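In the order they appear, the protein sequences are chains A and L. By the count of my numbering, the first sequence reaches residue 407 at its end, each step adding exactly one. By the count of my numbering, the second sequence reaches residue 319 at its end, each step adding exactly one. Written below as C-alpha cells is the structure these notes are about.
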Amino acid sequence: MIVGQQKPLEEIWGMIKDYKKVLVFGCNTCVAVCHQGGNKEAEILASMLKMKASQEGIAIEITNSGIERQCEHEFFEQAETIIQKADAILSTACGIGVQFMAEKYPKPIYPGLNTTFLGAVEQLGVYTERCQACGQCILGQTAGICPIARCAKRVMNGPCGGSTKGKCEINKEVDCAWQLIVDRLALLGRMDDYEKLAPIKDWSSDRAGGPRKLVREDMLNE
Amino acid sequence: MSNSTTPSKLQKILAAGHLGVTSECGPPRGSDPQAVIEKAELIKDYVDAVNITDNQTSVCRMCSLAACIRLKTLGVEPVLQMVTRDRNRIALQSDILGAASWDINNILCLSGDHQSFGDHAAGQNVHDLDSMQLIQTVRMMRDQGKFLGGDDIKRPPQMFVGAAANPFADPYEIRVARLAKKIAAGAEFIQTQCIYNLDKFEDWMKKVVDRGLHEKTYIMAGMTPMKSAGMARYMKNRVPGMDVPEDVVKRLADTPKDKQADEGIKICIEAIQRLKEVKGLSGFHIMAIEWEEKVPEIVKATGLYPRPQV
C-alpha cells in the first residue's frame, strides 16, 4: 500500500490560511491504514486547523469530508456538493490523489501529507518500504527480497562492504537487504544462486523512462 | 589470471611475480593542484601506482579523473577510482573514455560510501550500475570495444580492471563467494579493506586459495597505519565493515600519547611482514590517510624497496 505522513501543522497552515472556505478531504484506503490521511484523520486535522484559526484570530470556515479513494473518478460523486462549496481543498490522500483532484477541479488543491513509500504494515504503527515500483520485478532472483527498495545503494550483486552484523552501513536499525537475501537463499538451499551475476538493469521501466502508463485494451470497451 | 595485457605498469609488475605496492591519495577539497603534486612527490618512488579516491566518504572533492591526469603528468601511474554512486552509465563510460584519452591504464570499480556519510547528505544517489556491473562495463569497453548500448568505441580504453574486497564485512560466509563473483564479472586485481584482524584475513585468504581464486586475480592487502588509539577506536566503532581487534586498540592505548603514531607505523610494518608470507597474496595497498609521508618508511622497512623496474 501507499504510506504517507501528515505534514507539520505549520506547513499546512501556511498553505491554507489565506482562503475563506477550506475543505479537509480524506482518502480512506492506503493512507487510512497507516492512520495518516483517512477520513477520521481528516476530521482530526480539520479540528486542529479550526483551533489554529481561532488562536490566530483568522476567520476561515473549515469543514471536512472524505471518500474511499481519491485516485478513481467514481468515488467523487457522493462528495461533489461539498467539494464545489470549498474555495480550497486540503487533500490528505497520497500524491496521486492530490494530483487527480487537481486535474478534476479547477480550484486550489493542497497536499496534507508527504507521500512516503510503497510499504507493508509490519505491525500496527510500523510501516516499511518494500517496493520501488521499478517496473521490472527481480524478486525471483533475490529470494523474494527486493534489493532495489531495501538496499540503500540498490546494489544488485551485494552485499556491499558496509554490511555489519546484518545491518546496513547507513543505520544500525536498517536490515542489510543482502544479508536477508543470503539468509533466505541459505534457508531455501539455493546458495549457488548467489554467485549468479545480476545483469545490468534496464531502468527504462522505472521513472527513468518517464511517466508510466498501463493500458488494458481488453477493458477499454467494457 | 586474466590473459589481458594492458600498458599498465602495475599489471606488468604483478604478472612478473613481484609483490606490487600501491598507495592512495585523496584529492583536495578545492581546485589547488599543489596538494596532489606534493603527495605524489612524497611517494612516487616507493609505489608502483597511486589510487586517486573518488569523493571518498561521500565528501565532495576535486574529481578523481583530474587528479589522475595530474599524476600522469608527474610521471606517476594512477589508479582511477570510480564509484557508481554519483554517475549513471553514460557519465561513467564517458569518464572512462576521458581517462583513456590520457592513457590512464588502471581503474578500481566501487559502489562508493552512502552519501549520508558525507557533506551532501541530502543529495540523490544514482547507482544505475553496481560495482560488479561497472567491472563488466569496463571489460566490455576494453575487450569488445563496445559501449553498453552496443555501439563500437573508437580506440577502446586499455585498463587493468580492479575491484575492492572486504574480507571483514558480513555475512562472512559469502565473502569468498563474493570475491568469486567479482572475478567472474572481470576483476583482474583486488585491493582489500584495511586489515587489522590478521587471523581473520589469513582465514579468508586460505579459503580464497582453496578455491583457486588467487590464480584468477591479484590480491593486494589493504594496510592503513593508525595514528593514535583514538583513531583505532573510531575505526573499530564507527567505520562500517571495519574489524579492529581489541588487542590492537589496547596496544596503542597502552603507548604514551606522543609515541602512539610510531607504534601505529610499527603495527603496520609487522602486519606487512607477516602477510608477505601468506600464500596467494600479490601485494600491498598502503592507504596512509593524510599521512602519505610515512609510506616510504613503511615500504623501506618491509623490504619492498626499491620497486622493480618493468
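Quick reminder that beta carbons are idealized off the backbone N, C-alpha and C, glycines included. Predicted, not measured: the structure shown is a model, and the values here were computed from it.
- Each of GLU197/L, MET240/L, PHE177/L, ASP263/L was checked against the Cα of GLY231/L, and the nearest Cα belongs to PHE177/L.
- Against ASN249/A, chain L offers no close residue; the least beta-carbon distance is about 34 Å (beta-carbon pairs closer than 7 Å).
- Neighbours of ARG339/A in chain L, taken as residues whose beta carbon is under 7 Å from its own, are HIS136 in chain order.
- Taking all protein chains in view, the Cβ of ASP57/L is crowded by 16 or more other Cβ atoms within 10 Å, so the residue is classified as buried.
- Interface residue (Cβ-Cβ distance to chain L less than 8 Å): CYS345/A is classified as such.
- In this structure, the CA atom of CYS212/A is about 28 Å from the CA atom of GLN240/A.
- Between the C-alpha atoms of LYS270/A and LYS398/A there is a straight-line separation of about 33 Å.
- Taken in chain order, the unbroken stretches of alpha helix (DSSP H) that lie wholly in the segment 18 to 76 of chain L and span 4 residues or more are 18 to 24, 43 to 52.
- Scanning the segment 75 to 117 of chain L from its first residue to its last, the whole alpha helix (DSSP H) runs of 4-plus residues come out as 98 to 110.
- Counted as a single uninterrupted DSSP element, the alpha helix (DSSP H) harbouring PHE210/L occupies residues 207 to 219.
- Nearest in C-alpha terms to LEU138/L, of all of ARG187/L, ARG94/L, ARG70/L, is ARG94/L.
- Residues LEU23, LEU28, GLY29, PHE198, HIS223, TYR227, ILE228, MET229 of the same chain have their beta carbon placed closer than 8 Å to that of SER291/L, with the five preceding and five following residues left out of the count.
- The Cβ-Cβ distance between SER276/A and ILE252/A does not fall below 8 Å.
- Around the Cβ of GLN282/L, a 10 Å sphere holds fewer than 16 other Cβ atoms; the residue is exposed.
- PRO249/L belongs to the set of residues whose beta carbon lies under 8 Å from a beta carbon in chain A.
- Of the candidates ARG220/L, LYS309/L, MET244/L, ARG220/L places its Cα closest to the Cα of LYS288/L.
- Using a Cβ-Cβ cut-off of 8 Å, PRO254/L is close to nothing in chain A; its nearest Cβ partner there is about 15 Å away.
- C-alpha of LYS48/L to C-alpha of ARG316/L: approximately 18 Å in a straight line.
- ARG164/L is classed as exposed because its beta carbon has fewer than 16 other beta carbons within 10 Å across all chains shown.
- Contact with chain A is absent for PRO166/L, since none of that chain's Cβ atoms lies less than 8 Å from the residue's Cβ.
- A distance below 8 Å separates the beta carbons of ILE247/A and LYS235/A.
- The shortest C-alpha to C-alpha distance from LEU303/A to any of PRO193/A, ARG335/A, PRO291/A, GLN263/A is the one to ARG335/A.
- Two segments are said to touch when three or more pairs of C-beta atoms, one from each, lie closer than 8 Å; by this definition the segment 199 to 207 of chain L does not touch the segment 142 to 155 of chain L.
- For the pair ASP203/A and SER232/A, the Cα-to-Cα distance works out to about 17 Å.
- ARG187/L: member of the alpha helix (DSSP H) spanning 184 to 194, first to last residue.
- From the listed residues GLU272/L, ASP122/L, ALA186/L, PRO305/L, the smallest Cα separation to CYS69/L is found for ASP122/L.
- Here GLY26/L is exposed: its Cβ has fewer than 16 other Cβ atoms, across all protein chains shown, within 10 Å.
- When secondary structure is reduced to three states using DSSP, GLU228/A falls in the helix class.
- Under DSSP, the beta-bridge partners assigned to ASP161/L are LYS155/L.
- Per DSSP, reduced to three states, the secondary structure at ARG254/A is coil, with no helix or strand assignment.
- Given a length threshold of 4 residues, each whole run of the alpha helix (DSSP H) inside the segment 188 to 235 of chain A is given here in chain order: 194 to 201, 215 to 218.
- One alpha carbon belongs to ILE105/L, the other to ASN115/L, and they sit about 10 Å apart.
- LYS259/L carries a helical assignment under DSSP once its states are collapsed to helix, strand and coil.
- Going by beta carbons, CYS319/A and SER389/A fall outside the 8 Å limit.
- Nearest CB-CB separation between ALA25/L and chain A: not below the 8 Å threshold.
- In this chain, the alpha helix (DSSP H) harbouring VAL283/A covers 280 to 289.
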